[in-house]
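Reading through the structure tokens given below for one structure.
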Amino acid sequence: MAHASRKRSMLKRYGLKGVNKPKRTPSHKTKSHVVLAQSGHSLKLIRFGQQGVSGAGKSPKSKAQKARRRSFKARHRKNIAKGRMSAAYWANKVKW
């Protein structure tokens with residue numbers, strides 16, 4: 015039961031709707047999003063994304079946006095592959 019109460023308290027403290035559901039954090043000075051990641055029985059609060067910087071969007075139009083997206087995915091490929099417990103996974107999913 016300690017796991018369930020810890021999860022409830024963390025969700026309430028950070029104002030999250032549920033586990034593995036990212037939320038914007040406009041008041042945080044450095045990170046743009048937060049998520050309470052869960053894999054099996056392990057919980058981890060992950061802050062990700064640079065504040066004030068947008069990704070390339072879900073459907074980049076210009077060559078420059080497409081190049082930014084490709085560069086990000088290539089640069090962080092190993093960390094994205096680590097799955098839900100890494101900030102790169104969430105940045106890739108939400109911002110890019």
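Okay, so the sequence shown: first residue is 15 according to our numbering, each after it adds one.
Where a beta carbon is used, it is the ideal one built from N, C-alpha and C, also for glycine.
Rounded C-alpha distance that separates Gly69 from Met24: Numbered from 1 along the sequence shown, position 55 holds the residue referred to as residue 69. Numbered from 1 along the sequence shown, position 10 holds the residue referred to as residue 24. Taking the straight line joining both Cα atoms gives about 27 Å.
Coarse secondary structure for His17, derived from DSSP in three states: Here the question's residue 17 lines up with position 3 in the sequence shown. Note: His17 maps to helix in three-state DSSP.
Cβ neighbour criterion (16 or more within 10 Å) applied to Ser56: Taking the sequence shown and counting its residues from 1, one reaches residue 56 at position 42. Residue environment for Ser56: exposed (fewer than 16 other C-beta atoms within 10 angstroms of its C-beta).
Residue environment, Val49, which counts as buried when at least 16 other CB atoms sit within 10 Å: As a first step, residue 49 is located in the sequence shown; it is residue number 35 there, counting from the start. Counting Cβ neighbours within 10 Å, Val49 comes out buried, since at least 16 surround it.
Residue from Gln52, Arg27 and Ser19 with nearest C-alpha to Trp104: Counting from 1 along the sequence shown, the entry for residue 104 is found at position 90. For Trp104, the nearest C-alpha among the options comes from Gln52.
Exposed unless 16 or more other CB atoms sit within 10 angstroms - verdict on Ser100: Locating residue 100 in the sequence shown gives position 86, where the first residue counts as 1. Using a 10 angstroms sphere on the CB of Ser100, the tally of other CB atoms reaches 16 or more, which defines it as buried.
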